[in-house]
Amino acid sequence: QLYDNVKFTGWHTAYPDVAVRVLPETCRSVPFEGDMLLFLGEFTGPGEAVCPRGVLRRVLARAADMGFSVKAAAEFEFFVFDETPDSVRAKNYRDLKNLTPGFFGYSMLRASVHAEFYRDLLKLCTDMRMPIEGLHTETGPGVLEAAIEVTDALEAADRGALFKTFTKILAQRSGLMATFMAKWSKDWPGQSGHLHMSLNRTDGGGSVFYEQGKPHGMSDAMRWFVGGQQALMSELLSMVACTVNSYTRLIPGFWAPTEASWGVENRTCALRVIPGSAKSQRVEYRIAAADINPYIALAAAIGSGLWGIEHKIEPDAAIEGNAYEKTFPASRALPRTLMEASKRLAGSEAAKALFGPAFVEHYAATRAWEEREFRRAITDWEMERYFEII
564 QLYDNVKFTG WHTAYPDVAV RVLPETCRSV PFEGDMLLFL GEFTGPGEAV
614 CPRGVLRRVL ARAADMGFSV KAAAEFEFFV FDETPDSVRA KNYRDLKNLT
664 PGFFGYSMLR ASVHAEFYRD LLKLCTDMRM PIEGLHTETG PGVLEAAIEV
714 TDALEAADRG ALFKTFTKIL AQRSGLMATF MAKWSKDWPG QSGHLHMSLN
764 RTDGGGSVFY EQGKPHGMSD AMRWFVGGQQ ALMSELLSMV ACTVNSYTRL
814 IPGFWAPTEA SWGVENRTCA LRVIPGSAKS QRVEYRIAAA DINPYIALAA
864 AIGSGLWGIE HKIEPDAAIE GNAYEKTFPA SRALPRTLME ASKRLAGSEA
914 AKALFGPAFV EHYAATRAWE EREFRRAITD WEMERYFEII
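In this note's numbering, the protein residues as written are 564 to 953.
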């Protein structure tokens with residue numbers, strides 16, 4: 564499948580090659596490939612403007628110009644199935660056998676029964692320099708959650724991208740399958756890809772977010788950072804909720820936010836401020852699902868926060884209690900479809916200032932293409948509802 568609505572490449576350019584800069588600092592050994600080395604790269608030349616890793620790197624350069632360095636970490640939920648690529652296709656992705664039955668969140672039982680896969684995954688992540696802070700079962704049949712250790716934001720995105728790819732590889736090598744879809748079944752909760760982030764001063768002055776004596780330890784800069792994230796969330800949503808499927812997760816009652824909200828230690832909000840110390844004070848960006856492109860999602864989350872600091876944007880009052888039961892102004896409503904979100908991004912002047920007009924135009928067009936392709940599909944729901952009765 565080829566995008567037919569973008570300027571960067573297409574039939575009109577005859578699909579030329581694009582130069583890639585290999586990044587020696589990203590070198591890793593692939594454990595089950597002998598002496599094979601893996602390197603990440605970035606597009607250069609004309610491709611640099613639309614490169615996902617490049618757009619995050621530019622956001623982090625903006626942070627550095629402001630005197631900040633950024634720490635980040637991702638935590639991914641993923642369902643594991645006792646299936647193969649052939650079997651899921653033969654079943655038309657229906658009636659799949661989960662690795663384990665029932666709701667066994669944080670279960671020692673399930674983890675011990677499948678200890679070999681756990682150990683293999685932990686070892687793989689250690690060997691490939693994407694160490695895991697925690698790995699446990701979550702709520703749902705066969706669902707796991709992995710929290711990747713905090714590091715510099717660009718490395719955090721590298722780790723996130725590699726973790727998703729090599730978890731799927733390891734699962735298939737083990738006779739299993741893993742999915743990072745935002746929501747694979749209407750009967751089960753979606754799969755999150757929450758992002759944690761904090762700022763430090765590059766001059767050695769310590770945490771930008773923490774200020775002792777302030778409510779919840781939140782400095783002015785942290786408050787503005789949250790304000791920027793809240794203000795731009797609806798405009799940048801397609802950079803985080805990047806697939807048609809992403810929007811099936813953003814419904815009330817399933818631990819996913821439905822408005823651009825924030826609260827202190829509030830897991831019903833889109834932004835969860837986690838108070839603590841100069842070392843631990845951070846923001847959790849909970850709008851993200853497991854289907855994110857880590858580079859683009861972190862660029863959106865960090866970039867909007869920096870925008871908030873630059874413009875001293877005050878957030879709304881923190882939500883206390885259940886955010887699903889609150890009434891929000893229209894300005895805090897999130898797009899409900901990928902097409903709506905892509906249009907919001909395409910028209911966002913803040914996005915163009917943060918990520919560059921070329922990236923915004925290209926990326927928004929790819930998301931519009933994705934929705935258009937979906938609209939051509941005939942879903943099972945349509946067949947069951949309309950085939951006979953209409």
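Glycine is no exception: its CB is placed at the ideal position from the N, C-alpha and C atoms.
Beta-ladder partner(s) of R835, from DSSP
Working through the sequence shown from its first residue, we reach residue 835 at position 272. G826, E847.
Terminal residues of the continuous beta strand (DSSP E) containing M760?
In the sequence shown, counting from the first residue as 1, residue 760 sits at position 197. Its beta strand (DSSP E) spans residues 756-764.
Identity of the residues DSSP links to L603 by a beta bridge
Mapped onto the sequence shown, residue 603 falls at position 40. Checking the DSSP bridge columns, you'll see L603 partnered with L586.
I need the DSSP call for I1003, collapsed to helix, strand or coil.
Any answer about residue 1003 is impossible in this case: the structure gives the chain only from 564 up to 953.
Who are the near neighbours of G791 in its chain, counting only those whose CB is closer than 6 Å to its CB and skipping five residues on each side?
Translated into the one-based positions of the sequence shown, residue 791 becomes position 228. For G791, same chain residues with a beta-carbon under 6 Å away, outside a window of 5 residues either side, are S867, G868, W870, G871, I876 in chain order.
Assign E934 to one of two classes, buried (16 or more other C-beta atoms within 10 Å of its C-beta) or exposed (fewer than that).
Locating residue 934 in the sequence shown gives position 371, counting from the first residue. E934 comes out buried.
Per DSSP, T714 forms a beta bridge with which residues?
In the sequence shown, residue 714 corresponds to position 151, counting from 1. Bridge partners of T714: A635.
What residue ranges within the region 687-739 form continuous beta strand (DSSP E) runs of no fewer than 3 residues, ordered along the chain?
Annotation note: the region 687-739 contains the following uninterrupted beta strand (DSSP E) runs of length 3 or greater, listed N- to C-terminal: 695-700, 706-711.
In the DSSP assignment, what residue or residues form a beta bridge with G781?
Here residue 781 corresponds to residue number 218 of the sequence shown, with the count starting at 1. Here the sequence assigns Met to residue 781, which means Gly is not the residue at that position. Beta-bridge annotation (DSSP): M781 is paired with Y773.
Paired residues, beta bridge with S592 - DSSP
Your numbering for residue 592 matches position 29 in the sequence shown. Beta-bridge pairing links S592 to L600.
Meets three-Cβ-pair contact criterion under 8 Å: the region 639-647 and the region 658-666:
Taking a contact to require three or more Cβ pairs closer than 8 Å, the region 639-647 and the region 658-666 qualify as touching.
Stretch pair the region 886-905 + the region 815-827: three plus CB contacts closer than 8 Å:
Output reads yes: the region 815-827 touches the region 886-905.
Distance, Cα to Cα, A577 vs T728?
One-based indexing of the sequence shown puts residue 577 at position 14. One-based indexing of the sequence shown puts residue 728 at position 165. Approximately 30 Å between the Cα atoms of the pair.
Leaving out five residues before and five after I732 in sequence, what residues of the same chain have Cβ atoms less than 7 Å from its Cβ?
As a working note, residue 732 is residue 169 in the sequence shown. Answer for I732: no residue qualifies.
Using only the alpha-carbon positions, how far apart do F772 and E847 sit?
The residue you call residue 772 lines up with position 209 of the sequence shown. The residue you call residue 847 lines up with position 284 of the sequence shown. Roughly 13 Å between the two C-alpha positions.
Return the Cβ separation of K634 and V713 in integer angstroms, given the expectation that the two are a contact with Cβ distance under 8 Å.
As a first step, residue 634 must be located in the sequence shown, where it is residue number 71. As a first step, residue 713 must be located in the sequence shown, where it is residue number 150. At roughly 5 Å, the Cβ-Cβ gap stays under 8 Å, so K634 and V713 are in contact.
Taking the alpha carbon of T607 as the reference point, which residue from P594, D598, V618, S592 has its own alpha carbon closest?
Here residue 607 refers to the residue found at position 44 of the sequence shown. It is V618.
Where F891 falls: helix, strand or coil (DSSP)
Translated into the one-based positions of the sequence shown, residue 891 becomes position 328. In this structure, F891 counts as coil in the three-state DSSP scheme.
Are F667 and S755 close, meaning C-beta to C-beta below 9 Å?
In the sequence shown, counting from the first residue as 1, residue 667 sits at position 104. In the sequence shown, counting from the first residue as 1, residue 755 sits at position 192. No, the pair does not count as a contact, with Cβ atoms beyond the cut-off.
Spatially closest choice to P694 from E701, T702, M781, L685, by CA coordinates:
In the sequence shown, the residue the question calls residue 694 occupies position 131. Checked all of E701, T702, M781, L685; the closest Cα to P694 is L685.
Can you tell me whether T742 is helix, strand or coil according to DSSP?
Within the sequence shown, numbered from 1, the residue matching residue 742 stands at position 179. Shown here, T742 sits in a strand according to DSSP, grouped into three states.
Three-way DSSP call (helix, strand, coil) for A794 in this model
Reading the sequence shown from its first residue, position 231 is the one you call residue 794. The answer is helix: DSSP assigns A794 an H, G or I state.
Which residue spans inside the region 657-684 form an unbroken alpha helix (DSSP H) run of at least 4?
Listed in chain order, the complete alpha helix (DSSP H) runs (minimum 4 residues) inside the region 657-684 are 671-676.
Environment of M796 [buried if 16+ CB atoms lie within 10 Å]
On the sequence shown, position 233 is the one that residue 796 refers to. A residue is called buried once 16 or more other Cβ atoms fall within 10 Å of its Cβ, and M796 is buried on that count.
Determine the direct distance from the alpha carbon of S632 to that of A833, and round the result to whole angstroms.
Counting from one through the sequence shown, the residue named residue 833 turns up at place 270. Counting from one through the sequence shown, the residue named residue 632 turns up at place 69. Looking at the two C-alpha atoms, the distance is approximately 23 Å.
With DSSP as the reference, label A896 as helix, strand or coil.
For the purposes of this step, residue 896 is taken as the residue at position 333 of the sequence shown. Collapsing the DSSP output to three states places A896 in a strand.
When you compare the region 798-816 with the region 902-922, are there three or more beta-carbon pairs, one atom per stretch, that lie closer than 8 Å?
In this structure the region 798-816 touches the region 902-922; the number of beta carbon pairs closer than 8 Å is three or more.
Would you list the one or two residues that DSSP bridges to E640?
Working through the sequence shown from its first residue, we reach residue 640 at position 77. For E640, the pairing in a beta bridge is given by DSSP as E708.
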